[in-house]
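Input: a single structure, listed below in structure tokens.
In this note's numbering, the protein residues as written are 2 to 97.
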């Protein structure tokens, strides 16, 4: 990244980490807090776990606390969510 952005690579990385973490936390807030029109997934333990990972992991990523570990766990959760919920409905998640 330094080759393309030069001296701006660290600020750009920080902004990107904040925006991606905040977006991820918003998905968790939708599941866990009912924000943005979401509903709490009662009786669905995998959805509750996904909400906890998204909300907590997104906050950690946005704040830069244990960001690499949180991003690793969050990316695994997103891969599992894709293959369990989205892939059966089509290759592109926007289709379903």
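Glycine is no exception: its CB is placed at the ideal position from the N, C-alpha and C atoms.
The model shown is predicted, which means the values in this text are computed figures rather than measured ones.
Rounded distance between the beta-carbons of residue j and residue i, thought under 8 Å
i: residue 58; j: residue 74; result: 6 Å
i: residue 51; j: residue 78; result: 6 Å
Where residue i falls: helix, strand or coil (DSSP)
i: residue 45; result: coil
i: residue 93; result: coil
i: residue 73; result: helix
i: residue 34; result: coil
i: residue 19; result: helix
i: residue 65; result: coil
i: residue 39; result: coil
Beta-carbon proximity check, residue i vs residue j, cutoff 8 Å
i: residue 37; j: residue 27; result: yes
i: residue 22; j: residue 63; result: yes
i: residue 56; j: residue 33; result: yes
Top-ranked residue by Cα proximity to residue i, from the options
i: residue 69; options: 10, 84, 15, 5; result: 15
i: residue 12; options: 85, 25, 47, 65; result: 65
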